[in-house]
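In what follows, a structure is listed as structure tokens, so that the remarks can point back to it.
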Ligand SMILES: [Zn+2]
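Residue numbers (the numbering used here): 3 to 156.
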């Protein structure tokens, strides 16, 4: 990922490419997050990533901002021009594309990515979606798992 992923604003595609060249790598692949699901969070989910709270409404709903596709693809091209001996592979990591097929298809058409990762970051509990920390908060301790399974508030 690079600065084009909504959850990695401090990263840098250019610095990553420069480091890859230093290390003698033949290629790098960027798979930026494109997420269309909104999910429920609590403040402790952001320990060490407090800048992400900008995307959270007071009721605890996180709405990821859209991928700036034009900016991202321009940056890929700049890096390809700047590092001609490094293969810069463009990609996207699509969260829950099966739940957002129209907008996901449009992004894939427009992006013409070299690689596409299909990811599952959230699952529903009732009518709301959660990432793993929230899923665990909503879990009941399964009896079959024995005594090593941690207890979470239900
Ligand atoms: Zn991911």
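Glycine included, each C-beta is placed from N, C-alpha and C at the ideal position.
Hey, residue 113 and residue 33: beta-carbon distance below 8 Å or not?
-> Working through the chain shown from its first residue, we reach residue 113 at position 111. Working through the chain shown from its first residue, we reach residue 33 at position 31. Result no, Cβ atoms of residue 113 and residue 33 do not sit closer than 8 Å.
Excluding the 5 residues preceding and the 5 following residue 63 in the sequence, name in chain order all residues of the same chain whose CB lies nearer than 7 Å to its CB.
-> Here residue 63 refers to the residue found at position 61 when the chain shown is read from its first residue. Only 40 and 42 meet the Cβ criterion.
Do residue 7 and residue 14 come within 8 Å of each other at the CB atom, strictly closer than that value?
-> For the purposes of this step, residue 14 is taken as the residue at position 12 of the chain shown. For the purposes of this step, residue 7 is taken as the residue at position 5 of the chain shown. Cβ atoms of residue 14 and residue 7: not closer than 8 Å.
Helix, strand or coil for residue 121 per DSSP?
-> By 1-based counting over the chain shown, the position of residue 121 is 119. The answer is strand: DSSP assigns residue 121 an E or B state.
CB-CB length for residue 109 against residue 125, believed under 8 Å | The sequence position of residue 109 within the chain shown is 107, counting from 1. The sequence position of residue 125 within the chain shown is 123, counting from 1. Between residue 125 and residue 109 the Cβ distance is about 22 Å, and since that is not below 8 Å, they are no contact.
Whole-angstrom C-beta distance between residue 91 and residue 30, which should lie under 8 Å = Mapped onto the chain shown, residue 30 falls at position 28. Mapped onto the chain shown, residue 91 falls at position 89. Right, the Cβ-Cβ distance comes to about 7 Å (below 8 Å), so this counts as a contact.
Under 7 Å from any heavy atom of ligand 1, does the C-beta of residue 133 make it?
-> Start at 1 with the first residue of the chain shown, and residue 133 comes out as number 131. Residue 133 Cβ: outside cutoff for every heavy atom of ligand 1.
Would you report the Cα separation of residue 54 and residue 67, rounded to the nearest angstrom?
-> Within the chain shown, numbered from 1, the residue matching residue 54 stands at position 52. Within the chain shown, numbered from 1, the residue matching residue 67 stands at position 65. One C-alpha to the other measures close to 10 Å.
Is any heavy atom in ligand 1 found nearer than 7 Å to the beta carbon of residue 24?
-> Reading the chain shown from its first residue, position 22 is the one you call residue 24. No, since every heavy atom of ligand 1 falls outside the 7 Å radius drawn around the Cβ of residue 24.
For residue 99, does the count of other Cβ atoms within 10 angstroms reach 16, so buried, or fall short, so exposed?
-> Residue mapping note: residue 99 aligns to position 97 of the chain shown, counting from 1. Residue 99 is buried by the Cβ-count criterion.
If you draw a straight line from the alpha carbon of residue 52 to that of residue 89, how long is it in whole angstroms?
-> Taking the first residue of the chain shown as position 1, residue 52 is located at position 50. Taking the first residue of the chain shown as position 1, residue 89 is located at position 87. Distance between the alpha carbons of residue 52 and residue 89: 33 Å.
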